[in-house]
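Structure record follows, encoded as structure tokens.
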């Protein structure tokens, strides 16, 4: 009886905090299993939701960096997130003459360290609901509480919801987000 109540309590807590109860199998992103023994790039290329991000990482010549040891926490915008940008923005960023600007945008989505959702939540709660993290790019992202979920905000105050969290990688963690963040 106590075990049933405990299980029910854990499931209810997960529902009310917006966290899915994992079955400890691989996380699926974009129709592909993300395997924790693979690095960020090895997993991202298999996600049907991150084709634009992968193309951008390749154009920015950041593949080797994101295959490196890390650890990295990556806030990974989906193809739909890139599609929300003003018309022509992605095409412009992908041009070779804009490689430095593209690197700036992409590295703004990467924070040094391996911060899962629980670690982010703890930091946010210890800092009155909002905490800033320095990105690899050098500027800061803000992570804040949005009800029982977390939101990532850029320097202009534009927010991105974390739609899939804790996608374990051999060199860090990915949190899928629904908007592109701009430094």
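Residue numbers (the numbering used here): 394 to 576. Just so you know, even glycine gets a beta-carbon here, dropped at the ideal spot from N, CA and C.
Helix, strand or coil, according to DSSP, for residue 497 in the structure here? Taking the first residue of the chain shown as 1, we reach residue 497 at position 104. In the structure shown, the three-state DSSP call for residue 497 is helix.
Please name the residue or residues paired with residue 526 in a DSSP beta bridge. Numbered from 1 along the chain shown, position 133 holds the residue referred to as residue 526. As computed with DSSP, residue 526 is found in a beta bridge with 534.
I need the DSSP call for residue 559, collapsed to helix, strand or coil. For the purposes of this step, residue 559 is identified with residue 166 of the chain shown, where counting begins at 1. The three-state secondary structure of residue 559, taken from DSSP, is strand.
Three-state secondary structure (DSSP) of residue 575: One-based indexing of the chain shown puts residue 575 at position 182. DSSP places residue 575 in coil when its eight states are reduced to three.
How long is the line joining the alpha carbons of residue 558 and residue 515, rounded to whole angstroms? In the chain shown, counting from the first residue as 1, residue 558 sits at position 165. In the chain shown, counting from the first residue as 1, residue 515 sits at position 122. Each residue's Cα considered, the two are about 15 Å apart.
Evaluate residue 484 with the Cβ neighbour count: other Cβ atoms within 10 Å of its Cβ, from every protein chain shown; 16 or more gives buried, anything less gives exposed. Position 91 of the chain shown holds residue 484. Exposed: under 16 other Cβ atoms inside 10 Å.
Count the other CB atoms, across all protein chains shown, that sit within 10 Å of the CB of residue 395; report buried if there are 16 or more and exposed otherwise. In the chain shown, the residue the question calls residue 395 occupies position 2. Any reading at residue 395 must be qualified, since the residue scores a pLDDT of 31, below 50, and its modelled position is unreliable; the value itself is stated next. Exposed, by the Cβ-count rule.
According to DSSP, is residue 439 helix, strand or coil? The residue labelled residue 439 in the question sits at position 46 within the chain shown. Assignment of residue 439 by DSSP, reduced to helix, strand and coil, places it in the coil class.
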